[in-house]
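*Asks:* In terms of this note's numbering, the sequence shown opens at residue 183 and continues consecutively.
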Amino acid sequence: MNEQHEHQNRVTRQNSSPVTVIGLGPMGRAMTRTLLAAGHPVTVWNRTSGRADGVVADGARRAATPGEAVEASGLVILSLTDYRAMYDILGTATASLAGRTLVNLSSDTPDRTREAATWAAGHGAAFLTGGVMVPAPMVGTEAAHVYYSGPEEVLEHHRAALAPLGTPNHLGEDPGLAQMMYQAQLTVFLTTLSALMHATAMLGTAGMNARDALPELLASADSTGAILRAGEETPGAALDAGEHPGALSTVTMMGATSDHIVETSASLGLDPALPLAVQAHYRRAIEDGHGGDNWTRIIDGIRQPR
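Structure (structure tokens):
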């Protein structure tokens, strides 16, 4: 009974532990409000102080300096434009970093993330990389999840405080892993957005407005995952085995389709950048003698560009 009581006390302490949030764009503000709702005292700092007004009215405490913000909590969450901003902001507060945990949820490259972890360790701070995989309005909802990488014991120590933001998913010790997953996910997302706009522009030349076109195009985007899953019981298993069976969609077939898209786009006077990039993947695979293989063979040219 005493052990159960002590466990509950530990959970309660973690759920009410102070947290600092630096960077108050839409994501930073959403995280601050989520942490406040979960019962955490939250200290905030932002270069443009006025951005803190709303969350301060909701109960957050505004720090006057980055150093004061860092010293307010053992857990410091960064939501910034890039990693360079972290150095700019915390460069005057390095003396306060020792013994604290920095969780950087900003976007940048995996290599810069690894450099940042080394920098933090040099100042005595633990470091976690994170990638929030939902937009700001969805932070704190059941749909929210966050990829983390870095020391697993650091994530476990702060799990109770970080969990309200989104379900934590630890990928491994390498600080660059979470950033790599974040960039990979955004590669799919941003390419899909460009494809949707290109397709909308195509249909617009035929007199169809976006309000009529986008529902059809979004349905197509929604079905892509189901189509790929239907073609392989365990998506990615054949790729890992180096197998590209061309029973259904071959490189040649998909390449012909990409040719038609390029020709159509050119005839309509649209920017050809996106369809040309896609076409280049299939042409490379055909030139390399893989026209009869499954469309997944294009990964070879992506892995080893000329």
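Even glycine gets a Cβ: it sits at the ideal position worked out from N, Cα and C.
Fair warning: this is a prediction, and the values are worked out from it, not measured in the lab.
1. Leaving out the 5 sequence neighbours to the left and right, which residues in its chain are closer than 8 Å to S447 when beta-carbon positions are compared?
2. Does the beta-carbon distance from G332 to T311 come in below 8 Å?
3. Label M183 either buried or exposed according to how many other C-beta atoms from any shown protein chain fall within 10 Å of its C-beta, with 16 as the threshold for buried.
4. Please report the distance separating the alpha-carbon of V285 from that of V237.
5. In chain order, what residues of the same chain lie with their CB nearer than 7 Å to the CB of N191, ignoring the 5 residues before and after it?
6. Assign S402 to buried or exposed, taking buried as 16 or more other Cβ atoms, counted over all protein chains shown, within 10 Å of its Cβ.
7. Quick one: grab the DSSP three-state call for G354.
8. For V193, count the other beta carbons within 10 Å of its own beta carbon; 16 or more makes it buried, fewer makes it exposed. Which is it?
9. Start and end of the alpha helix (DSSP H) containing E313?
10. Per the DSSP calculation, H327 is bridged to which residue(s)?
11. Report the start-end ranges of each alpha helix (DSSP H) in the stretch 239-315 that is 4 residues or longer and not cut off at the edges.
12. Kindly confirm or deny that the stretch 353-366 and the stretch 335-344 touch, where touching means at least three C-beta pairs closer than 8 Å.
13. Mark L287 as exposed unless 16 or more other C-beta atoms lie within 10 angstroms of its C-beta, in which case mark it buried.
14. Candidates A254, D422, I271, A275: which alpha carbon is nearest D482's?
15. Could you tell me the alpha carbon to alpha carbon distance between G221 and A467, rounded to whole angstroms?
16. Which residue or residues does DSSP assign as beta-bridge partners of I409?
17. Return the residue from the list D441, R465, T276, V460 that minimises the CA-CA distance to T373.
18. Our contact map puts V226 next to A246 with C-beta atoms below 8 Å; I'd like the distance itself, whole angstroms only.
19. Can you find the residues in the same chain that come closer than 7 Å, C-beta to C-beta, to S201, ignoring five residues on each side of it along the sequence?
20. Considering only the beta carbon of each residue, do V314 and S278 sit closer than 8 Å?
21. Thinking C-alpha only, which one of L262, A303, G424 is nearest T276?
22. Going by beta carbon distance, what residues of the same chain come within less than 8 Å of T432, once the five residues before and after it are set aside?
23. By the three-class DSSP mapping on this structure, what secondary structure does T387 have?
24. Rounded to a whole number of angstroms, what is the C-alpha to C-alpha distance between R393 and P319?
25. Considering only their Cβ atoms, is the gap separating T349 from H327 smaller than 8 Å?
*Replies:* Put simply:
1. Within the sequence shown, numbered from 1, the residue matching residue 447 stands at position 265. Correct list, in chain order: H380, M384, D453, P454, P457.
2. The sequence position of residue 332 within the sequence shown is 150, counting from 1. The sequence position of residue 311 within the sequence shown is 129, counting from 1. Yes; because the gap between Cβ atoms is below 8 Å, this pair is in contact.
3. One-based indexing of the sequence shown puts residue 183 at position 1. The predicted position of M183 is uncertain, since its pLDDT is 44 and thus under 50; a value taken from the coordinates is nonetheless stated next. In this structure M183 is exposed. Its beta-carbon is surrounded by fewer than 16 other beta-carbon atoms within 10 angstroms.
4. Numbered from its first residue, the sequence shown carries residue 285 at position 103. Numbered from its first residue, the sequence shown carries residue 237 at position 55. Distance between the alpha carbons of V285 and V237 is about 20 Å.
5. Position 9 of the sequence shown, counted from the start, is the residue given in the question as residue 191. Per-residue confidence for N191 stands at a pLDDT of 46, beneath the threshold of 50, marking its modelled position as unreliable; the derived number appears in the next sentence. Taken in chain order, the list of residues that qualify is empty.
6. Working through the sequence shown from its first residue, we reach residue 402 at position 220. Counting Cβ neighbours within 10 Å, S402 comes out exposed, since fewer than 16 surround it.
7. Taking the first residue of the sequence shown as position 1, residue 354 is located at position 172. G354 falls in the strand class under three-state DSSP.
8. For the purposes of this step, residue 193 is taken as the residue at position 11 of the sequence shown. Residue confidence is low: V193 scores 47 on pLDDT, short of 50, so the model does not pin down where it sits. No coordinate-derived value is stated.
9. As a first step, residue 313 is located in the sequence shown; it is residue number 131 there, counting from the start. According to the sequence shown, residue 313 is Gly rather than Glu. Not the alpha helix (DSSP H): G313 falls in the beta strand (DSSP E), residues 308-314.
10. As a working mapping, residue 327 is identified with position 145 in the sequence shown. Within the DSSP secondary-structure output, H327 pairs in a beta bridge with T349.
11. The qualifying runs are 248-253, 265-272, 292-304.
12. The stretch 353-366 makes no contact with the stretch 335-344, as fewer than three CB pairs between them are under 8 Å.
13. Stepping through the sequence shown from its first residue, residue 287 is reached at position 105. Around the C-beta of L287, 16 or more other C-beta atoms lie within 10 Å, and the residue is accordingly described as buried.
14. In the sequence shown, residue 482 corresponds to position 300, counting from 1. Distance check between D482 and each of A254, D422, I271, A275 places D422 closest, using alpha-carbon atoms only.
15. Within the sequence shown, the letter at position 39 stands for residue 221. Within the sequence shown, the letter at position 285 stands for residue 467. Approximately 55 Å between the Cα atoms of the pair.
16. Taking the sequence shown and counting its residues from 1, one reaches residue 409 at position 227. Paired residues: none, contrary to the question.
17. Here residue 373 refers to the residue found at position 191 of the sequence shown. Comparing Cα positions, the closest option is V460.
18. Stepping through the sequence shown from its first residue, residue 226 is reached at position 44. Stepping through the sequence shown from its first residue, residue 246 is reached at position 64. Wrong, their Cβ atoms sit about 11 Å apart, outside the cutoff.
19. For the purposes of this step, residue 201 is identified with residue 19 of the sequence shown, where counting begins at 1. Strictly speaking, residue 201 in this sequence is Val, with Ser absent from that position. L217, H222, V224, S255, L257, I259, A343, listed in sequence order.
20. Working through the sequence shown from its first residue, we reach residue 314 at position 132. Working through the sequence shown from its first residue, we reach residue 278 at position 96. No, the Cβ-Cβ distance between V314 and S278 is not below 8 Å.
21. Residue 276 sits at position 94 when you count from the first residue of the sequence shown. Nearest C-alpha to T276: A303.
22. Position 250 of the sequence shown, counting from 1, holds the residue named residue 432. Result list for T432: G473, G474, D475, N476, W477, in chain order.
23. Taking the sequence shown and counting its residues from 1, one reaches residue 387 at position 205. Here T387 carries a coil assignment [DSSP, helix/strand/coil].
24. The sequence position of residue 393 within the sequence shown is 211, counting from 1. The sequence position of residue 319 within the sequence shown is 137, counting from 1. Roughly 23 Å separates the two Cα atoms.
25. Within the sequence shown, the letter at position 145 stands for residue 327. Within the sequence shown, the letter at position 167 stands for residue 349. Going by C-beta atoms, H327 is nearer than 8 Å to T349.
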